[in-house]
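Numbering (this note's numbering), first residue to last: 198 to 431. Worksheet: one structure, shown below.
Structure follows, in structure tokens:
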């Protein structure tokens with residue numbers, strides 16, 4: 198295809214993905230109060246004794262903005278199968294028929310890995326909150342706004358979910374002959390350092406628990422990708 202045809206194809210894929218996010222986001226918007234109530238339980242379980250168990254908002258539009266934010270993040274997550282499929286369809290014209298057969302496994306593994314990453318983020322949330330709420334000492338009492346708390350939780354879920362796509366990217370690059378297993382094996386030490394630095398930067402909470410829970414699985418994924426590449430003889 199020409200450059201303009203590629204741009205037209207990209208626009209079509211983006212439109213489909215955005216429509217999917219809007220539709221699923223509308224569904225999430227309807228149930229936003231229940232989702233907020235569920236997310237607040239993680240805070241209630243980790244907040245120090247005597248800490249207020251409710252969140253505040255400081256502007257008349259803040260409550261609506263918080264609900265809209267939940268709808269946006271939730272829409273992105275629920276529309277994951279659609280925009281992953283559209284991304285794959287945009288990439289596949291550059292692949293040969295043998296490589297295109299990996300479409301369904303890649304999409305399914307991406308969805309499963311994102312779900313696992315989101316689950317790890319929620320498991321990490323309580324110890325992360327406990328650390329963050331107590332790190333300032335007893336003289337600092339938390340009084341959180343709903344907007345900042347929801348942003349933190351949502352970004353953690355997205356950060357972990359997208360980071361857990363790491364092996365999918367590596368295996369795709371191996372299949373596409375962009376990388377080889379020999380290269381990945383020789384880059385082990387550098388990869389470990391880069392993964393830790395990446396985890397430190399991308400975790401919104403910036404606490405050691407989240408860093409550890411993200412860096413360790415990512416390095417294990419790196420090693421797993423090498424094994425998969427050797428099985429595929431890449």
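Every residue, glycine too, gets a C-beta built ideally from N, C-alpha and C.
Near the ligand GTP: residue i beta-carbon under 7 Å from a heavy atom
i, result
"residue 204", "Of ligands this structure carries none, so the ligand GTP is not represented either."
Close-in-space but distant-in-sequence residues of the same chain around residue i (CB under 7 Å, 5 per side omitted)
i, result
"residue 207", "287"
"residue 397", "408"
"residue 348", "266"
"residue 346", "240, 252"
Residues of its chain near residue i, where Cβ-Cβ distance is below 6 Å and the 5 sequence neighbours each way are ignored
i, result
"residue 350", "236"
"residue 285", "300"
"residue 324", "406"
"residue 280", "214"
"residue 363", "415, 418"
Inter-residue CB distance, residue i and residue j (contact presumed, cutoff 8 Å)
i, j, result
"residue 416", "residue 389", "6 Å"
"residue 419", "residue 392", "7 Å"
C-alpha gap between residue i and residue j, whole angstroms
i, j, result
"residue 219", "residue 326", "31 Å"
"residue 234", "residue 254", "15 Å"
"residue 411", "residue 360", "8 Å"
"residue 343", "residue 303", "36 Å"
"residue 379", "residue 260", "52 Å"
"residue 337", "residue 263", "25 Å"
"residue 238", "residue 283", "35 Å"
"residue 375", "residue 383", "15 Å"
"residue 317", "residue 243", "17 Å"
"residue 232", "residue 377", "43 Å"
"residue 424", "residue 386", "17 Å"
"residue 209", "residue 223", "21 Å"
Cβ-Cβ distance between residue i and residue j below 8 Å
i, j, result
"residue 275", "residue 216", "no"
"residue 307", "residue 368", "no"
"residue 267", "residue 229", "yes"
"residue 305", "residue 404", "no"
"residue 371", "residue 429", "yes"
"residue 401", "residue 322", "no"
"residue 355", "residue 270", "yes"
"residue 381", "residue 426", "yes"
"residue 256", "residue 221", "no"
Residue of the options minimising C-alpha distance to residue i
i, options, result
"residue 407", "262, 370, 319", "319"
"residue 413", "239, 357, 254, 429", "357"
"residue 194", "209, 258, 331", "It is not possible to answer for residue 194, since the shown part of the chain is limited to 198 through 431."
Beta-carbon proximity list for residue i, same chain, < 8 Å, skipping 5 on both sides
i, result
"residue 313", "361"
"residue 227", "none"
"residue 365", "303, 306, 307, 310"
"residue 278", "304, 308"
"residue 204", "none"
"residue 258", "none"
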